[in-house]
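Student: For reference, the structure I am asking about is given below.
2 protein chains.
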Amino acid sequence: MESPDRDASRTLDGRLGYLLVRAAMRVRQRYTAVLSVHGLLPNQHAILSRLNEIGPSHQKQLADRVGLDPGDIIAYLDGLYKAGYIHRDRDPADRRRQIVAVTPAGVDVLDIADRALDAMEEDTFASLAVAEKTSFAEQLARLSESLGR
Amino acid sequence: MESPDRDASRTLDGRLGYLLVRAAMRVRQRYTAVLSVHGLLPNQHAILSRLNEIGPSHQKQLADRVGLDPGDIIAYLDGLYKAGYIHRDRDPADRRRQIVAVTPAGVDVLDIADRALDAMEEDTFASLAVAEKTSFAEQLARLSESLGR
DNA sequence: TATTGTTATACTCTATAACTATA
DNA sequence: TATAGTTATAGAGTATAACAATA
Numbered sequence: 065m066e067s068p069d070r071d072a073s074r075t076l077d078g079r080l081g082y083l084l085v086r087a088a089m090r091v092r093q094r095y096t097a098v099l100s101v102h103g104l105l106p107n108q109h110a111i112l113s114r115l116n117e118i119g120p121s122h123q124k125q126l127a128d129r130v131g132l133d134p135g136d137i138i139a140y141l142d143g144l145y146k147a148g149y150i151h152r153d154r155d156p157a158d159r160r161r162q163i164v165a166v167t168p169a170g171v172d173v174l175d176i177a178d179r180a181l182d183a184m185e186e187d188t189f190a191s192l193a194v195a196e197k198t199s200f201a202e203q204l205a206r207l208s209e210s211l212g213r
Numbered sequence: 065m066e067s068p069d070r071d072a073s074r075t076l077d078g079r080l081g082y083l084l085v086r087a088a089m090r091v092r093q094r095y096t097a098v099l100s101v102h103g104l105l106p107n108q109h110a111i112l113s114r115l116n117e118i119g120p121s122h123q124k125q126l127a128d129r130v131g132l133d134p135g136d137i138i139a140y141l142d143g144l145y146k147a148g149y150i151h152r153d154r155d156p157a158d159r160r161r162q163i164v165a166v167t168p169a170g171v172d173v174l175d176i177a178d179r180a181l182d183a184m185e186e187d188t189f190a191s192l193a194v195a196e197k198t199s200f201a202e203q204l205a206r207l208s209e210s211l212g213r
């Protein structure tokens with residue numbers, strides 16, 4: 065006789081998804097705390113960082129690359145613009161579009177914030193061995209990739 | 065001469081924290097979608113599941129075990145109570161306390177929801193090999209542990 | 001592009017009641 | 001007792017974030 069369908073071994077902590085979401089919540093709290101010192105929200109840091117990587121972009125394109133809703137990115141960009149970290153220019157080739165780019169001040173704050181994040185992450189992931197971090201990162205990237213955007 | 069402090073290799077996708085949070089976001093979306101079919105929020109499922117594991121508990125104790133704010137758990141419990149999935153009784157030994165317990169209907173919905181989550185998780189984490197899932201889970205658990213409650 | 005509204009979640013603050021310890 | 005301090009629950013308000021609909 066097989067065991068019944070009600071499986072006592074199916075606990076909350078036995079769920080990969082729950083473990084992932086819970087760990088991420090705690091890490092995100094640390095991101096928020098570190099970045100708030102520099103006046104950035106986590107999503108604003110992601111936008112600034114990605115924009116710095118890919119160069120001047122249209123807002124829609126940028127939203128895609130950061131994985132944010134095109135409607136939601138507006139307010140984040142407004143904040144970055146007011147702080148002088150980005151500028152927005154109409155695309156002369158298509159005047160519906162805005163070309164967004166990081167300013168020198170934006171590069172500066174990104175650099176400072178990134179150093180603070182580096183220190184925080186080193187501490188946060190200290191429980192993982194160096195070799196583990198590599199495979200962990202690779203698995204997370206593979207997972208995000210497979211879950212699509 | 066060493067490379068300057070401005071490190072071009074420090075990209076967003078090179079951050080373990082960012083990878084973790086982004087993957088978790090996508091997994092949580094799937095949790096939300098699956099559970100909404102059964103009328104449960106992710107936090108309500110976590111509460112119900114944990115309560116089913118540990119048995120009748122005080123609300124504060126339950127909040128601690130699920131990692132939720134004691135103030136926030138109230139509304140979730142209200143919803144579970146209205147749906148008939150839990151009952152709340154005053155603790156005669158300490159009348160400030162409510163003793164919360166899962167009802168038979170709560171066990172039923174938990175069982176059904178868990179089966180749906182099982183199927184979703186199998187699909188969601190299909191990009192990880194079986195052996196990888198084990199180490200991945202262990203690393204996530206270790207991480208949460210080290211980041212405290 | 002931009003705005004508006006909704007929902008989920010997390011955090012802070014306050015209020016009430018009931019318990020504990022102590023003078 | 002009376003008082004002060006603590007704890008459990010409850011509610012209000014705010015902030016971040018994701019999503020949908022629409023202008």
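Taken in order, these protein sequences are the chains called A and B. In case it helps, this note's numbering puts the first sequence at residues 65 to 213. In case it helps, this note's numbering puts the second sequence at residues 65 to 213. Ideal placement from N, C-alpha and C gives every residue a C-beta, glycine not left out.
(1) Between which two residues does the beta strand (DSSP E) containing arginine 152 of chain B stretch?
(2) For glutamine 203 of chain B, go through chain A and note every residue whose CB falls closer than 7 angstroms to its CB, in chain order.
(3) Assuming glutamine 21 of chain A contacts glutamine 123 of chain A (C-beta within less than 8 angstroms), just tell me the rounded distance between them.
(4) Using the Cα positions of alanine 139 of chain B and valine 91 of chain B, report the straight-line distance between them to the nearest angstrom.
(5) From the DSSP output, which residues share a beta bridge with valine 166 of chain A?
(6) Distance cutoff 8 angstroms, beta carbons only. Does tyrosine 82 of chain A sit that close to anything in chain B?
(7) Please check if any C-beta of chain A sits within less than 8 angstroms of the C-beta of alanine 87 of chain B.
(8) Compile a chain-ordered list of the residues in the region 90 to 115 of chain A whose CB is closer than 9 angstroms to at least one CB of chain B.
(9) Rounded to whole angstroms, what is the Cα-Cα separation between isoleucine 176 of chain A and glycine 103 of chain A?
(10) Give a yes or no on whether 8 angstroms exceeds the smallest Cβ distance from leucine 211 of chain A to chain B.
(11) Are the beta-carbon atoms of isoleucine 137 of chain A and isoleucine 111 of chain A separated by less than 8 angstroms?
(12) Just grab the DSSP bridge partners of serine 121 of chain B for me.
(13) Which residues in the same chain have their Cβ closer than 8 angstroms to the Cβ of leucine 192 of chain A, if we skip the five residues on either side of it in sequence?
(14) Which two residues bound the contiguous alpha helix (DSSP H) that contains alanine 205 of chain A?
(15) List the residues of chain A that glycine 131 of chain B touches, going by C-beta distances under 7 angstroms, in chain order.
(16) Taking 8 angstroms as the cut-off, does the region 137 to 157 of chain B touch the region 179 to 191 of chain B (at least 3 CB pairs, one atom from each stretch)?
(17) According to DSSP, simplified to helix, strand and coil, what is arginine 79 of chain B?
(18) With 8 angstroms set as the bound, which would you pick, yes or no: does the beta-carbon of threonine 188 of chain A sit closer than that to a beta-carbon of chain B?
(19) Is DSSP giving aspartate 128 of chain B helix, strand or coil here?
(20) Say whether chain A places a C-beta atom closer than 8 angstroms to the C-beta of threonine 75 of chain B.
(21) Where does aspartate 178 of chain B sit, in a helix, a strand or coil, going by DSSP?
(22) Let me know if serine 121 of chain B comes out buried or exposed under the rule of 16 or more other beta-carbons within 10 Å of its beta-carbon.
(23) What did DSSP end up calling aspartate 133 of chain A once you bin it into helix, strand or coil?
(24) Looking at leucine 204 of chain A: is its Cβ nearer than 8 angstroms to the Cβ of leucine 83 of chain B?
(25) Between B:Asn116, B:Thr96, B:Arg160, B:Asp153, which has its C-alpha nearest aspartate 77 of chain A's C-alpha?
(26) Take the Cβ of serine 100 of chain B as the centre, count every other Cβ of all protein chains shown within 10 Å, and call the residue buried at 16 or more, exposed below.
(27) Along the region 149 to 182 of chain B, what residues have a CB closer than 9 angstroms to any CB found in chain A?
(28) Between B:Leu211, B:Ile150, B:Ala127, which lies nearest to valine 166 of chain B when the distance is taken from Cα to Cα?
(29) Under a CB-based cut-off of 8 angstroms, is serine 121 of chain A close to chain B?
(30) Determine the DSSP secondary structure at arginine 94 of chain A, reduced to helix, strand or coil.
(31) Whose Cβ in chain A lies nearer than 7 angstroms to the Cβ of leucine 126 of chain B?
Tutor: Result, derived from the coordinates:
(1) Note, arginine 152 of chain B: beta strand (DSSP E), 150 to 155.
(2) By Cβ distance, chain A contributes Leu192, Glu196, Phe200.
(3) Outside the shown range of chain A (65 to 213) lies residue 21 of chain A, about which nothing can therefore be said.
(4) Separation of alanine 139 of chain B and valine 91 of chain B (C-alpha to C-alpha, rounded to the nearest whole angstrom) is 24 angstroms.
(5) BP columns for valine 166 of chain A point to A:Ile150.
(6) Chain B contact via Cβ: present.
(7) Chain A, which has a Cβ nearer than 8 angstroms to the Cβ of alanine 87 of chain B, makes this yes.
(8) Within the region 90 to 115 of chain A, the qualifying residues are Arg90, Val91, Arg92, Gln93, Arg94, Tyr95, Pro106, His109, Ala110, Ser113, Arg114.
(9) C-alpha separation (whole angstroms): 11 angstroms.
(10) Yes, leucine 211 of chain A counts as interfacial toward chain B.
(11) In this structure, isoleucine 111 of chain A lies closer than 8 angstroms to isoleucine 137 of chain A by Cβ.
(12) For serine 121 of chain B, the beta-bridge partners assigned by DSSP are B:Val164.
(13) So the list reads Phe200, once near-sequence residues are dropped.
(14) Element bounds for alanine 205 of chain A: 194 to 211.
(15) Chain A residues near glycine 131 of chain B: Arg86.
(16) No contact exists between the region 179 to 191 of chain B and the region 137 to 157 of chain B.
(17) In the displayed model, arginine 79 of chain B falls within coil according to three-state DSSP, outside both helix and strand.
(18) It does: the Cβ of threonine 188 of chain A has a partner Cβ on chain B nearer than 8 angstroms.
(19) The three-state secondary structure of aspartate 128 of chain B, taken from DSSP, is helix.
(20) Threonine 75 of chain B counts as touching chain A.
(21) Helix at aspartate 178 of chain B.
(22) Counting of Cβ neighbours within 10 angstroms places serine 121 of chain B among the buried residues, the total reaching 16 or more.
(23) Aspartate 133 of chain A carries a coil assignment under DSSP once its states are collapsed to helix, strand and coil.
(24) In this structure, leucine 204 of chain A lies near leucine 83 of chain B, with their beta-carbon atoms less than 8 angstroms apart.
(25) Ranked by Cα distance from aspartate 77 of chain A, the first of B:Asn116, B:Thr96, B:Arg160, B:Asp153 is B:Asn116.
(26) Its Cβ having fewer than 16 others within 10 Å, serine 100 of chain B is exposed.
(27) Of all residues in the region 149 to 182 of chain B, the ones placed with a Cβ closer than 9 angstroms to any Cβ belonging to chain A are Val171, Asp175, Asp178, Arg179, Leu181, Asp182, in chain order.
(28) When only C-alpha atoms are compared, the closest one is B:Ile150.
(29) False, the Cβ-Cβ gap to chain B never drops below 8 angstroms.
(30) Arginine 94 of chain A sits in a helix when the DSSP states are folded into three classes.
(31) Chain A residues near leucine 126 of chain B: none, gap ~12 angstroms exceeds 7 angstroms.
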